[in-house]
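See below for the structure under consideration.
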Ligand SMILES: Cc1cc2nc3c(=O)[nH]c(=O)nc-3n(C[C@H](O)[C@H](O)[C@H](O)COP(=O)(O)OP(=O)(O)OC[C@H]3O[C@@H](n4cnc5c(N)ncnc54)[C@H](O)[C@@H]3O)c2cc1C
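Residue numbers (full-length UniProt numbering), protein chains in the order written: chain A, 1 to 789; chain B, 1 to 283.
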């Protein structure tokens, strides 16, 4: 296939972007400095809910270096600008206007009320302390159930309710399954549980930053964003700047985890200030502001009922969710629970299913996509329920799963939630995981420890997950009322010297696109890996794209790349035939060369590129370009799956949980670069384990975030992680020509329930059947005390 | 986050540093390793007009043998303390506690004196200093004075030094041949102690001859677990005796509650961890 003997796809190549990303010698947004640029700092409300009585900016304006101090009145005098929400999940969804800066009322602690523009960042920050704001307290509502109660204080008085929307899926009504109420009332066994998905902070490494330049033909916005293309459209629509007058650039971006799938009030603010003052401006947030004001993730209350027969066949599943939106709706926030709606049934053949979700406003930072977005919540709930059901039935939890899962010979399988899983092999992944884990040996040790009353008890946790990713078929998105499509684009340009420029519409922020995309193109075109440059994240050279989230880049963007490469070859072929003086039909392409079949006459693709550039001797009527574009819209999602097994030791005297071993066997389809896959799995596991054991965003009763620094928000580091044992099975996806699935979120989705299940398994014999996340030592110890009572 | 503007000086001697401090009145702040002060400045929890860097004063660095005590210069980094043979031999408790502080980056910058002067109730080096009856040598415009650990820590982040004084060094009596262990309980690798126990015993044959135990984060200041110490003396060093004595660990304490640990749980941890610290010390 390629110029080299070995295909590039499948090689564990070191990432070509890493040197510059790791050393930081690159273009982060905050490294961009323009002549005459001013620095912005935002004054934020310390109150979670208050009326703004007055804002006095006069003293701040007199501070050294200050050029302007602006409020909502200056930036949006008519109160017309509202931050966009692209996912109105129901026609009657309540969507309060989120202003760029609060004008009359603040609705969460951290909401911006004024902005200083100064000659230096330090002077801007100093001036903030001299702005006087008078607030009048309004009642604060933080708890979702309290927010829905009769007579509750309202986050937005004019809406008359704290309920944003109710979204329901019912398999009986949809015709994808039976009636769940019937299934539950007929059931031999039924279980009900309430789980809480705590609030999490995405905690990307690079705080958000934006630079806006109003000089020149286009308004140029650099931003540390995952979504430069969506940001361009949304900025045009939000501010009324004609789209062709806007250029958006995401330079190198230091992580996002969904936290940068957002259109920020600060981005709009920077654009407004830049236009008003006629000067470039920069806003870079502090870590504290990132923790407080970048959207948070999760925050759901899940009421789950599962029904089954005595011998362990699941007959029905009912899910009632409350999802905390925070004070406003984020860009896709309302739809996050919907991304879980199709996943609660997971890998199981459940005959009846109903899902209902109520989105609720509270006086807290808004929530939106965070690694996994909806799917970790769903996977947690079903995998916890499977363990609880196994305990109730006295069955081995793996055996229960096996009884209910879709067998490998039953694919493609249409689920009770209406998705068609194209492929999978849960048996193979589970078998391999059991071997690597020594499942039977650990079960024996667990028995021995229980028998000897060992103060350190052993637990085994299981998570056999799948997820839908590779977002997304545009038709499906349309049917869910999402505001855009799910296609991706790619362009390939053959340069005269035979080098290749690849432009992808998917915008990497740490994933390794530059390496993986180069590997794919190297195989497709048969050019050396080193000869390929992958460009992304600038609407000037990449006008089309849907950006990066939902484990979509490879499955959708990678496929667009393959299609574009095929077009390059189609265009090159007549030229090669012309050069070799043979018929197009006699040509074959292998290893980067066009060869006349059955001869040793050949010409390399890079030589064809030069010939096309010179254009001295091309076939008659030939359009002198090999450059090609392609857009791919998938017809279905891809469905990674796998089996994760976690053994934890629980110190029953202190409640401390330590992970003794963690085995995961994931099936992410064909692998382009095993090192990148491994990295994504490791990072994903760490993030999911963190939800299970460490992280939680906590607000006090006044609505102040009390975990706003890394001293109290427990982000684990490598030192807190066990050595992961990872392996893969490879069942190619049939929904794209590369056979790839997605791997960006799998680890996070799978690991949280594996860990919590193992903690509970360790102490179940002590009377414990649930522990709220994160399973902190105090919570575990208290649960054991409670179980013993 | 950006600190408010301040003047920066880097005196070369203790006398100059003390003069700078006196000149600054209430508006001066010493910076040692900066690991605790910089976050405070950046979050604008303090806004000193002058920051006095004591990192260029040779006298403040290093560890020396001074007869019946070892003397640790205030600017000695955690990393240096961890690796110092005198500390390992005569003040093992400080070595094992320092091993648990933060991460390698912080240990290369943060200092022993800075930790003591900062007086964070969750800091890991206060309880060892208390348990060992360390003496803080403090310099002011009127010369130097010595303050025993039992009088040095006054309240949360508060010592009996006045703002114009500088901690010069810490004299730690030698506990050569004592068994020692610091048992720390925390959430993630680089977080502070929820509870910590600094335990040190001298054994004679199989019998505990002396015991010294300091507790981290069981009050606004480090405290001694005197009831445990008394219960141990004269007892055989057995698991049962240690466990029984450790039951007294929380006596007389009234630990604070926070999201991580309420008072009841902290008291429970103090008992469990005291037993573990003693067992680990005796080995
Ligand atoms: C991520 C992180 C994790 C940490 N984890 C731990 C931990 O687990 N356990 C732990 O014990 N500590 C921990 N620390 C704190 C660390 O030990 C600090 O080094 C220590 O608290 C302060 O030492 P410093 O030299 O950095 O002092 P600085 O930050 O420079 O100063 C701290 C305070 O002490 C004053 N000061 C310093 N030196 C003197 C002196 N000679 N005379 C008078 N006043 C002085 C300063 O004015 C300031 O008020 C951690 C710090 C970080 C950043």
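Ideal Cβ placement from N, Cα and C applies to all residues, glycine included.
Suppose the cutoff is 6 angstroms on Cβ atoms and the five residues either side in sequence are ignored; what does the same chain contact list for residue 550/A look like? 469 and 471
At 9 angstroms on the CB atoms, spell out the chain B contacts of residue 694/A, in chain order. 187 and 188
Under a three-way DSSP split, which group does residue 244/A fall into? DSSP, reduced to helix, strand and coil, places residue 244/A within a helical segment of the structure shown.
Checking contacts by CB at 9 angstroms: is residue 1/A closer than that to chain B? With a pLDDT of only 41 at residue 1/A, under 50, the local geometry of the prediction cannot be trusted, and no value is derived from it.
By the criterion of Cβ-Cβ separation under 9 angstroms, what are the contact partners of residue 1/B in chain A? 125, 286, 287, 288 and 289
Would residue 524/A be called buried (16 or more neighbouring beta carbons within 10 Å of its own) or exposed? Its Cβ being crowded by 16 or more others within 10 Å, residue 524/A is buried.
Rounded to whole angstroms, what is the Cα-Cα separation between residue 2/A and residue 309/A? In this prediction, residue 2/A has a pLDDT of 41, which is less than 50 and means its spatial position is unreliable; what the coordinates show is noted afterwards. Taking the straight line from one Cα to the other gives about 55 angstroms.
Quick one: using the 10 Å Cβ neighbour count with 16 as the cut-off for buried, is residue 53/A buried or exposed? exposed
Under 9 angstroms between the Cβ atoms of residue 98/A and residue 163/A? no
Quick one: does the C-beta of residue 54/B sit closer than 8 angstroms to a heavy atom of ligand 1? yes
Could you name the residues that DSSP lists as bridge partners for residue 499/A? In the DSSP output, where bridge partners are listed per residue, residue 499/A has none listed.
Would you list, in sequence order, the uninterrupted alpha helix (DSSP H) runs of no fewer than 4 residues that lie entirely inside the region 248-295 of chain A? Counting only runs of 4 or more, we get 265-277 and 287-293.
By how many angstroms is the C-alpha of residue 218/B removed from the C-alpha of residue 19/B? 36 angstroms
Secondary structure of residue 328/A, DSSP reduced to three states: coil
Using the three-state DSSP reduction, which class does residue 359/A fall into: helix, strand or coil? Residue 359/A falls in the strand class under three-state DSSP.
What are the start and end residues of the beta strand (DSSP E) that includes residue 380/A? Judged by DSSP secondary structure, residue 380/A falls outside any beta strand (DSSP E) and instead within the alpha helix (DSSP H) spanning 375-393.
Please report the straight-line C-alpha distance between residue 137/A and residue 461/A, rounded to a whole angstrom. 47 angstroms
Report the neighbours of residue 191/B on chain A: residues whose CB is nearer than 8 angstroms to its CB, in chain order. 711 and 714
Between the region 636-654 of chain A and chain B, which residues of the former have a C-beta closer than 8 angstroms to a C-beta of the latter? Taking 8 angstroms as the Cβ-Cβ cut-off, the region 636-654 of chain A approaches chain B at 653 and 654, given in chain order.
DSSP state of residue 39/B mapped onto helix, strand, coil: Correct three-state label for residue 39/B: helix.
According to a CB-to-CB cut-off of less than 8 angstroms, which residues of the region 243-272 of chain B neighbour chain A? Answer in chain order: 259, 260, 261, 262, 265, 268, 269 and 272.
Do you know offhand how far residue 177/B's Cα is from residue 108/B's? 28 angstroms
Reduced DSSP category for residue 561/A - H, G, I as helix; E, B as strand; rest coil: helix
When DSSP builds the beta bridges, which residues end up paired with residue 407/A? None, per the DSSP bridge assignment.
Do we get a CB-CB distance below 9 angstroms when we pair residue 113/A with the residues of chain E? Among the protein chains in the structure shown, which are A and B, there is no chain E.
In chain order, which continuous runs of the alpha helix (DSSP H) of length 4 or greater are located wholly inside the region 510-590 of chain A? Segments of the alpha helix (DSSP H) lying fully in the region 510-590 of chain A: 513-525 and 559-580.
I'd like to know whether the C-beta atoms of residue 83/A and residue 264/A end up nearer to each other than 9 angstroms. yes
Mind checking if residue 687/A is an interface residue toward chain B, Cβ cutoff 9 angstroms exclusive? no
If you scan the region 36-72 of chain A from start to end, which runs of the alpha helix (DSSP H) of 4 or more residues do you find wholly inside it? Scanning the region 36-72 of chain A from its first residue to its last, the whole alpha helix (DSSP H) runs of 4-plus residues come out as 58-61.
Suppose you measure from the CA of residue 174/A to the CA of residue 487/A; what does that come to, to the nearest Å? 26 angstroms
Taking 9 angstroms as the threshold (C-beta atoms), are residue 719/A and residue 189/B in contact? Yes; because the gap between Cβ atoms is below 9 angstroms, this pair is in contact.
Chain A within 9 angstroms of residue 39/B, Cβ atoms only: At least one chain A Cβ lies under 9 angstroms of residue 39/B.
If the criterion is Cβ atoms closer than 9 angstroms, does the pair residue 527/A and residue 592/A meet it? Their beta carbons are under 9 angstroms apart, which means residue 527/A touches residue 592/A by this criterion.
Are the beta-carbon atoms of residue 199/B and residue 182/B separated by less than 9 angstroms? Between residue 199/B and residue 182/B, the gap from beta carbon to beta carbon is short of 9 angstroms.
Is it true that the CB of residue 90/A sits closer than 9 angstroms to the CB of residue 166/A? Their beta carbons are under 9 angstroms apart, which means residue 166/A touches residue 90/A by this criterion.
Who are residue 63/B's beta bridge partners in DSSP? 72/B
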